[in-house]
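Participant: This structure is in structure tokens; I'll ask about it shortly.
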Amino acid sequence: MRFSLIPAIYSRGIYGRFRFSVNFSSFCALKIVDTAEETNGNIYHCNYAELRRRMLDFATFGDFSQAFLTLNFMKNLPGKPTVYDFNALMYYYFKSRNVSVHLLIELYLGMKRYGPAPNAPTFNTLCNVMLSSGDLQDAFFIIEEMCGSGFVPSFTILSKLLKKTLQIGSLMDSLYAFEIMLKLGYVPTEPTFNMMICKLIKAGMIHESYLVFSCLFDKGYFFGVHTFNPILWALCKSNQSCTALQFFYLMKKRGVVYNACSYTALVYGFCREGLEEDALQCLEEMQGDGCNPNVRTYTVLIKFLCDNGRIEQAFKILGKMEEGGCNPDLVTYNVIIRELCHQGRMLDILYFIQIIDQKGFSLDSYTYAALAGGLLKNGKVMFPYELLFDTIFKGFSVDVALYNIYLHYLCRQNRLTELSTMLNRMIEEGFMPTNVSYNIILDAFCRGNGVDEALKLLEHFNWEANGPDVVSFNTILCMACKQGNSRMIKKILYQMECEGVECDVVSFTCLIHYFCTVRKFSMCLKLLETMMHGGPCPTVVTVKLVLDRLRKNGLVGEALQFTNRFYTKAGLASEKCIFGCRGS
Numbered sequence: 000m001r002f003s004l005i006p007a008i009y010s011r012g013i014y015g016r017f018r019f020s021v022n023f024s025s026f027c028a029l030k031i032v033d034t035a036e037e038t039n040g041n042i043y044h045c046n047y048a049e050l051r052r053r054m055l056d057f058a059t060f061g062d063f064s065q066a067f068l069t070l071n072f073m074k075n076l077p078g079k080p081t082v083y084d085f086n087a088l089m090y091y092y093f094k095s096r097n098v099s100v101h102l103l104i105e106l107y108l109g110m111k112r113y114g115p116a117p118n119a120p121t122f123n124t125l126c127n128v129m130l131s132s133g134d135l136q137d138a139f140f141i142i143e144e145m146c147g148s149g150f151v152p153s154f155t156i157l158s159k160l161l162k163k164t165l166q167i168g169s170l171m172d173s174l175y176a177f178e179i180m181l182k183l184g185y186v187p188t189e190p191t192f193n194m195m196i197c198k199l200i201k202a203g204m205i206h207e208s209y210l211v212f213s214c215l216f217d218k219g220y221f222f223g224v225h226t227f228n229p230i231l232w233a234l235c236k237s238n239q240s241c242t243a244l245q246f247f248y249l250m251k252k253r254g255v256v257y258n259a260c261s262y263t264a265l266v267y268g269f270c271r272e273g274l275e276e277d278a279l280q281c282l283e284e285m286q287g288d289g290c291n292p293n294v295r296t297y298t299v300l301i302k303f304l305c306d307n308g309r310i311e312q313a314f315k316i317l318g319k320m321e322e323g324g325c326n327p328d329l330v331t332y333n334v335i336i337r338e339l340c341h342q343g344r345m346l347d348i349l350y351f352i353q354i355i356d357q358k359g360f361s362l363d364s365y366t367y368a369a370l371a372g373g374l375l376k377n378g379k380v381m382f383p384y385e386l387l388f389d390t391i392f393k394g395f396s397v398d399v400a401l402y403n404i405y406l407h408y409l410c411r412q413n414r415l416t417e418l419s420t421m422l423n424r425m426i427e428e429g430f431m432p433t434n435v436s437y438n439i440i441l442d443a444f445c446r447g448n449g450v451d452e453a454l455k456l457l458e459h460f461n462w463e464a465n466g467p468d469v470v471s472f473n474t475i476l477c478m479a480c481k482q483g484n485s486r487m488i489k490k491i492l493y494q495m496e497c498e499g500v501e502c503d504v505v506s507f508t509c510l511i512h513y514f515c516t517v518r519k520f521s522m523c524l525k526l527l528e529t530m531m532h533g534g535p536c537p538t539v540v541t542v543k544l545v546l547d548r549l550r551k552n553g554l555v556g557e558a559l560q561f562t563n564r565f566y567t568k569a570g571l572a573s574e575k576c577i578f579g580c581r582g583s
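Numbering (numbering that gives the first Met the number 0), first residue to last: 0 to 583.
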């Protein structure tokens, strides 16, 4: 019977787990022995001690067939061979390190069918063999057989089995091993349990990690907040902050004492979902509970404010951070510098660079990327170029992101001939260009040399394992649509199909823009219908584009019909937009 809280985790029956083909011919030898072999040689006349010694010698050298043949001769002696003789053969054969798991399984099945009946050491030896050889499915089979025979697997064996399944990433088997342990009253060690929680979370099995945690917690076992925190972070990273908060308070009511990492997870989750007030309230509750926010807590909140362009509020949080005795680190300053660059606030940028220097931090690749990328995005070109040149060509520590910014700079300056040189330099330095790198170049070639040249590059690039992505194709497709190049549009769509890349909302919007330009409004409506029925949901921008083009071409009736037909279905109803169309 499966553990009641996780009935769906492992649904296979006991005997459904193991598939094998067993040849019982070797065990028929226990009943039918070639008499010619029996009478040849002196082995027939050996006593029990001599037969046992010979059997163990053969087993020790990994000669299973001879060891088994010798064991078989013992049947001529009263009460022999015993289960201990079988166990000894298994053990010494296992120690030989020249083991065939299949032969041992046949030996076990022969014992089960003809006798002597296996005992606890039989099962323990077989389990150790399976675990040592990594045959986990066979190990599960033996454990199930052991339980079915009325014996109890040891904690050591089950703990080893759980560790092995975790190490190879067989998480369904890990859950099953954990279930068997709980059923027998065993509790995994803290390191193994923590490993299990982390492995489940990494595989996206958040619900299962919560169930596993709850199983032990409900039985009175709690290894500490460091076991709970990974689940809390996983929920917050998957946009389940409300669920994380409920889990947080449930554990709090049951006496769990949290640390800064726990609260930081909630602050991160609320910020990720745009719930600023909840994040700030969580920060206040954290301080009210006597848990001081750390640099990571504040940096998460500062980054959220900076990402939303609210630099002044970020400064206030920075001030509270310093007042509370928590010193910002280089990551905190990099986040602020990046947003200051976006806003072009050069004096503030210089001020923070001075602070970084005064506090003894060394500018890293993230600082340079924040400076160069932010200034470049703000339209300032020369200073980012000098900064990037000094960083890349004068031996500073760099990464792929910094190279990508430099590629972006070259593209902005239309210095296309230098791109191949830079790509080669990246590879020589051990940085393989990513899809982002290639997509930056594709965009530049689309603008400078046209879509034909860009498509040739797309085919020529040494893409990563997954090949070009939808952004790569959209870059060329959008330019082809703007140019009204129907030949190239067809070619790109055909290549997307060959690569298994599906059109997204950007692809459809570009195509709709093209058909609007060539006044093929029936095709526009057909594409929108495709989006509505199984495709990417059209955005307000897409719908407004069609409405605007219909209105400008005097097709107000069609626009109204389109509004009534699609807006409600798409969940994009906007009275303001509808009335704007009618008023025109």
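The beta carbon of each residue, even a glycine, is placed where N, CA and C say it ideally should be.
Note that the coordinates shown come from a computational prediction; the quantities given were computed from them, not determined experimentally.
#1: Determine the extent of the alpha helix (DSSP H) in which Gly268 is found, giving its start and end residues.
#2: Can you list the alpha helix (DSSP H) stretches of 4 or more residues lying completely in the region 168 to 220, in chain order?
#3: With three or more C-beta pairs closer than 8 Å as the rule, is the region 186 to 200 touching the region 150 to 169?
#4: Indicate whether Ile230 and Ser208 have their beta-carbon atoms separated by less than 7 Å.
#5: Between which two residues does the alpha helix (DSSP H) carrying Arg424 extend?
#6: Report all residues from its chain with a CB closer than 6 Å to the CB of Ile355; omit the five preceding and five following residues, and keep chain order.
#7: Using 8 Å as the threshold, is the region 211 to 220 in touch with the region 234 to 244, meaning 3 or more CB pairs across them?
#8: Who are the near neighbours of Pro152 in its chain, counting only those whose CB is closer than 6 Å to its CB and skipping five residues on each side?
#9: Can you find at least 3 beta carbon pairs, one from the region 115 to 131 and one from the region 76 to 96, that sit closer than 8 Å?
#10: With a cut-off of 8 Å, do at least 3 Cβ pairs link the region 451 to 458 to the region 482 to 502?
#11: Could you check what DSSP says for Lys163 in three-state terms: helix, strand or coil?
#12: Determine the DSSP secondary structure at Leu510, reduced to helix, strand or coil.
#13: Among the residues of its own chain, which have a CB less than 8 Å from the CB of Leu585, if the five just before and after it don't count?
#14: Taking the alpha-carbon positions, what's the Leu68 to Phe140 distance?
#15: With C-beta atoms as the reference, is Ala443 less than 7 Å away from Cys480?
#16: Let me know the secondary structure DSSP gives Ala116 once reduced to three states.
#17: Mind checking Cys325: buried by the 16 CB within 10 Å criterion, or exposed?
#18: Among the residues of its own chain, which have a CB less than 7 Å from the CB of Met250, if the five just before and after it don't count?
#19: Applying the 10 Å Cβ sphere with the 16-neighbour rule, what's the burial state of Glu501?
#20: Quick one: what's got a C-beta closer than 8 Å to Thr541's C-beta in the same chain, skipping five residues either side?
#21: At what residues does the alpha helix (DSSP H) containing Pro229 begin and finish?
#22: My output table needs one value for Leu45: the three-state DSSP class, helix, strand or coil.
#23: Starting from Glu501, trace the alpha helix (DSSP H) both ways and give me its first and last residue.
#24: In chain order, which continuous runs of the beta strand (DSSP E) of length 3 or greater are located wholly inside the region 93 to 140?
#25: What separation, rounded to the nearest whole angstrom, lies between the Cα atoms of Gly168 and Gln312?
#26: Tell me, to the nearest whole angstrom, how far the beta carbon of Cys305 is from that of Gly268; I am working on the premise that it is less than 8 Å.
#27: Do you know how far the Cα of Gln286 is from the Cα of Cys340?
#28: If Tyr402 and Ser361 are in contact, beta carbons under 8 Å, what's the gap, nearest whole angstrom?
#29: Starting from Leu249, follow the alpha helix (DSSP H) in both directions and report where the run begins and ends.
#30: By a C-beta neighbour count over all protein chains shown, 10 Å radius and 16 as the cutoff for buried, is Tyr297 buried or exposed?
#31: Work out the CA separation of Ile491 and Asn438 for me, nearest whole Å.
#32: Among Ala58, Gly78 and Ser64, which has the Cα closest to the Cα of Tyr47?
#33: Which of helix, strand or coil does DSSP assign to His459?
#34: For Ile196, which residues from the same chain have a beta carbon less than 8 Å from its beta carbon, with the 5 sequence-adjacent residues on both sides left out?
#35: Can you give me the Cβ contacts of Asn552 inside the same chain, cut-off strictly under 8 Å, excluding the 5 residues immediately before and after it?
Facilitator: Well, looking at it:
#1: Ala259 to Arg271
#2: With a minimum length of 4 residues, the continuous alpha helix (DSSP H) runs that stay inside the region 168 to 220 are 170 to 182, 189 to 201 and 205 to 217.
#3: yes
#4: yes
#5: Leu418 to Glu427
#6: Tyr332
#7: no
#8: Closer than 6 Å at the Cβ level, and outside the excluded window around Pro152, lie Ile142 and Met145.
#9: The answer is yes - the region 76 to 96 touches the region 115 to 131, with three or more Cβ pairs under 8 Å.
#10: yes
#11: helix
#12: helix
#13: Because the chain in this structure spans residues 0 to 583, residue 585 falls outside the shown range and cannot be described.
#14: 26 Å
#15: No, they are not a contact pair.
#16: coil
#17: buried
#18: Close CB contacts of Met250 within its chain, under the 7 Å cut and outside five residues either way in sequence, are with Phe227 (chain order).
#19: exposed
#20: Val504, Phe507, Thr508, Ile511, Leu527 and Met530
#21: Run containing Pro229: Val224 to Lys236, per the alpha helix (DSSP H) assignment.
#22: Contrary to the premise, residue 45 reads as Cys rather than Leu in this sequence. Here Cys45 sits in coil by DSSP.
#23: Where Glu501 is concerned, there is no enclosing alpha helix (DSSP H), given that its DSSP letter is neither H nor E.
#24: Listed in chain order, there is nothing to give.
#25: 44 Å
#26: That pair is no contact at about 18 Å.
#27: 32 Å
#28: That belief does not hold up - the Cβ atoms of Tyr402 and Ser361 are roughly 20 Å apart, past 8 Å.
#29: Its alpha helix (DSSP H) spans residues Ser240 to Lys252.
#30: buried
#31: 15 Å
#32: Considering only alpha carbons, the answer is Gly78.
#33: helix
#34: The residues are Ser208, Val211, Phe212, Thr226, Pro229 and Ile230.
#35: Arg518 and Phe520
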